[in-house]
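Each residue of the sequence shown is one higher than the last, beginning at 207 in the working numbering. Even for Gly, the Cβ is constructed at its ideal location relative to N, Cα and C.
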Amino acid sequence: MLTFSHYKNLIPCFKPIDLTCKLILALMAVAVAVAAKTDSVLEVIPEDTIAVVQVGNLKKFNQEVNDLVAELDPSIEPNRDILLDTLIALFSKDDDEIDFDQDTNKEARAWLNWAKEASPEEREGMTKSEKFQQLSPEIQEDIKKGLEKLKSKNDKWLNKDVTENFESLEALETEVGLDFSRDAAIFFCQNPNGTKDKPWFSSVAFHIAEQQTLQQVLERESTSILESTYNGLTYQILIDKEENILQPIGFLVILDDVMVFSDSQQICQKAIDTHQRKIQPMSEETGFLSLDLDTDLNDVIFHVAVQRLMQENQQMLFNTFAMWENEVVQESKIEIGNLLQQILSWMQQIQSISLTVQHEDGEILLKPTLQVVSGSEMDNILQPTAESSKNFPLLKYLPSNNCMAMGIYLDSQKMVEMATWGIDFGFKILEQSMVMTLPKDAETISQEFVKAMADFYSSVNPHIAYSMNISSSIYPDNNQIFQIKDKEKLTKLLNDGSIKALFQLPFKINQMVGVVDTEKDMEEELTETYQSIEIKSLIIQDMKNFIPLIPDLPQLRSLRVLRTLPNEIRIYYTIINDLFIMSTSGSSQAIKETIDTVLGQKPGFDQSTGYDRIVDVLDASGYMAMVISPMTLVNQILGLLSQRDPNFSMIAAMFSNIPQTYSLCIGAAPLNQVLEMRFFASMKELKELYKIAAGLGEMFNRK
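Quick look at the structure:
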C-alpha cells in the first residue's frame, strides 16, 4: 500500500492521457512466451534510474496490511482488500487534474474543489442539502456542470466492465495473469527533453504468469498494438485515442518473465540493454549496492539517486527553490536570506536517500538512510562519530520506568557549530517577523551562550543519557546525565558562574518577549541537600505571569491541564563521583529519583524492557537511540489530571491494565558515508491503546 500511495503523488509525471484503465492492462501485455525466470524486477531497471519503489511480495505485503488494519480497527470490513482499494483509487480517477474554468463562480469552485475529494454518494447528498438549495440558480448551475465534468472524468478512467470482478488482489492476479507473489517496482528516469511538466519518464515492472491471458486482455482493451524490434527483442507500442487522435500511450517489453511498461520508448530499450547486460542494473550500481537494500527482510524499498537528480535537474531545482523562497518572503514577510539555496547546497552533498519498510507480526521497522558524497562537509560531520561511537554506557543510571529514554553520542565541536547557526537563525527570524525587537546586547548574550556551551562540552565526555516523565505538573521532568572528562574544569565553571550563561539563554529570550518577570533574579541560586549530596538550582522560567492568563471556563476544559504548570521552572544539577546530573523541572523530585538510581538504591534503565528493545531493534553503537512508552505517558498524564478532576479517574482506570511497554523506538547511527535511522513501532502493543482512545473519541463526539 505504501508504494502506490506514494506513486499517486507522482502521477502528474505521466502525460494526461485517457487510459480508461488500459494503463493497468497495458502493464500486463506479453510479446513473447515466458521461458526463463528473472529473480527480481530490479535486474532490468537501468543504472541511470533516478528513483525506484519496490515491493518485495505484493500478496504477502497486502495480506499483512489487511491483517494489521483489521486488527487495529474491527469496524473495517473483514474482507476488504486495502492494497486493491489503493490500486483502483490510483488508476480509476485523478480529479485533482481537473481544473474548472476561471469564469466559474468563486463560490461554485469552492464547492467543486470539495467535491473532488468526495465520494459519488457524498456528491449526490451535497446537491440535496439545504445549504445547496439556498444558493442562487446561477451558482447551482455552475456546480451541476462541474459535477458532470467530474463524473465524465471518472467514467473515462474507471471501466466498470474491467474492474467489477476485482474483489480482491487474487482476483485481479487471476484475471490478468500477473504473479503478485513476487516483487514489483515503479521507477523514474530522466527525460532528456524534459519540461517543467514532465521532467521524468515513469515506468513499472511486474512479474507475469500467463502470457495468453495477458495478451487477450490487452487486445480486448487496446485500440491497436504495434510491434518494433530492438537488439533482437520485440517490444509493443500501445495505441489509443487522445482527443480523437490515434497516438502512442505507452511502450511495453517482456524480459523473461518480467514485464516493463513505460511512457518512453527509450526506457523500454534501456531495459532491454540492462537485461542483456550491456549496461548494469541499478541494483548493482555502487550507491545502491553498498546500502544492502535488496534483502528478503524488506517488504518495501524506496531509493532516490539524489546526486544524479541534482546533476540532471540543477537549473530546474534552482528555479523551484528561488520561487519557494519568494513565496515565503511574500506570505510571511520574513527575509530568510539564502536559506533555500543553502538547502540546495546540502542536497548536492547527498549521494542518495533510501527507505526500507519491514513488517512482521504487527511490528513495523522503517529504515531511512542518507548516503553522502565522499569528502563532503556532511561526510566530515559523520566521520568522527563513526570512528568513535560506542554503546550508551550511561543509560543504566536512568530510572527504570520512563515515558521516554534516550542514549546520545554527540561530537562537542559539531554541537557548538549547530547551536551557533541555530541561535543566529532563530534571532534573525524573531526580529524580521517583527515578533520582537532584539536588545542591543542580543549578540553578546548569544556569544556568551556559545562560549559556555563550548566550555561545558569540553569538560564532559560526548555520551549523554536523557529521560522524560510527567510527575507533579504537565511540564515534563527532563533528566540528563553526563560523564565528566575534566572535573576540575567543570567545577570551576560551576563555581565561578561561567556556565550560567548556558542556562540563561531561555530565560533571557523569555524576558525579551515579556513572558517572564524581568525583576526575577536569575543569579539567585538555591541549594538543598539530599542523601548527603548537594543539589543546586537556578530559575530558567518564571510562570507566575503566565498561569493567570489561562482561562478557567467549562468550554475550555482541555486547557485546564495547563493550570498544573509550576510557578517556576528550575534547572537542578549536582555531581556524583564522575557523573554530572542535570534536571529541568518544577521540583527537585526528578533529580532525587535519578540520584537514588545512581547510588544503586533503585533499579536502572538497563534492567527494563526498554533497554532490551534498544539492543534488539536499534543500533546501540550509533549516536542516538530513543525508546518511548506511550502507555506510560498516558497513565502519567491521567494520574495528574485525576488529582484535579475526579472524572479522569474513571478514564485512568480504563487504561490501567494495558502493559506499559516501549512500543516506539527511534535510532540514528553513522556507517561508512551513510547516516542510517530506524523507526520502530509495535502496532500489536499499541492496539489496546488505540481501541480505547477510539472508543472514548466516539463517546465524546456523541455528547
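If you ignore the 5 residues before and after Gly828, its C-beta comes within less than 8 Å of the C-beta of Ser595, Tyr615, Gly873, Ala874, Ala875, Pro876, Glu882, all in its own chain and listed in chain order. Asn263 has its alpha-carbon roughly 52 Å from the corresponding atom of Lys798. In the three-state reduction of the DSSP assignment, Arg776 falls in the strand class, which pools E and B. Counting along the chain, Asn319 sits inside the alpha helix (DSSP H) bounded by residues 312-323. By the Cβ neighbour-count rule, Ile451 is exposed, with fewer than 16 other Cβ atoms within 10 Å of its own. The residue from Ala276, Gln260, Leu458, Phe338 with its alpha-carbon nearest to that of Phe393 is Gln260.
If you ignore the 5 residues before and after Asp784, its C-beta comes within less than 8 Å of the C-beta of Gln689, Ile690, Lys693, all in its own chain and listed in chain order. Taken through DSSP and simplified to helix, strand or coil, Arg483 comes out as coil. Pairing Tyr681 with Gly613 gives a Cβ-Cβ distance that is not under 9 Å. In this structure, Ser789 sits away from Asn863, with a CB-CB distance that is not shorter than 9 Å.
As the crow flies, the alpha-carbon of Gln482 is around 32 Å from that of Val880.
Annotation for Leu600: Gly613, His669, Ile670, Ala671, Ile687, Phe688, Gln689, Leu785 place their beta carbon closer than 8 Å to its own, counting only its chain and skipping 5 residues before and after.
Shortest Cα-Cα distance from Ser408 to any of Ala415, Ile676, Ile473 involves Ile473. Inside the region 379-415, DSSP marks whole beta strand (DSSP E) runs of 3 or more residues at positions 390-396, 406-413, from first to last along the chain.
Between Ala415 and Asp385, the C-beta gap is smaller than 9 Å, which places the two residues in contact. Segment contact: the region 847-860 against the region 795-810, fewer than three CB-CB distances shorter than 8 Å; contact not assigned.
Straight-line spacing of the CA atoms in Ser743 and Lys657 works out to 21 Å.
Residue burial is scored here from C-beta neighbours: Phe508 has at least 16 other C-beta atoms within 10 angstroms and is therefore classed as buried. Within the same chain, Cβ atoms closer than 6 Å to the Cβ of Ser652 are found at Ile629, the five residues on either side in sequence being excluded. Contiguous beta strand (DSSP E) elements confined to the region 807-845 occur at 830-834, taking only those with 3 or more residues. A contact between stretches requires three or more CB pairs, one per stretch, nearer than 8 Å, and the region 346-356 fails this requirement with the region 266-273.
With respect to the C-alpha of Met830, the residue from Glu379, Asp617, Asn319 having the closest C-alpha is Asp617. One alpha carbon belongs to Gln339, the other to Ile349, and they sit about 12 Å apart. The straight-line gap separating the alpha-carbon atoms of Thr575 and Lys484 is approximately 30 Å. Val382 places its beta carbon less than 9 Å from that of Leu420.
Scanning its chain for C-beta atoms nearer than 8 Å, with the 5 sequence neighbours on each side dropped, one finds around Lys808 the residues Pro605, Ser606, Glu799, Asp802, in chain order. Taken through DSSP and simplified to helix, strand or coil, Glu344 comes out as helix. Nearest to Thr255 by alpha-carbon distance, out of Asn311, Pro487, Ala324, is Pro487.
Using a Cβ distance threshold of 9 Å, Ile820 and Phe524 do not count as a contacting pair. When the five nearest sequence neighbours on each side are left out, the beta carbons in the same chain lying within less than 7 Å of the beta carbon of Ser430 are those of Ile445, in order along the chain.
Buried is the label assigned to Gly810, since at least 16 other Cβ atoms lie within 10 Å of its Cβ. When the Cα atoms are used, Ile587 and Ser794 turn out to be separated by approximately 37 Å. Straight through space, the alpha carbons of Ser560 and Pro454 are spaced by roughly 33 Å. Asn311 has its alpha-carbon roughly 45 Å from the corresponding atom of Val466. A residue is called buried when at least 16 other Cβ atoms come within 10 angstroms of its Cβ; Asn701 does not meet this threshold and is exposed. Going by beta carbons, Val563 and Val510 fall outside the 9 Å limit.
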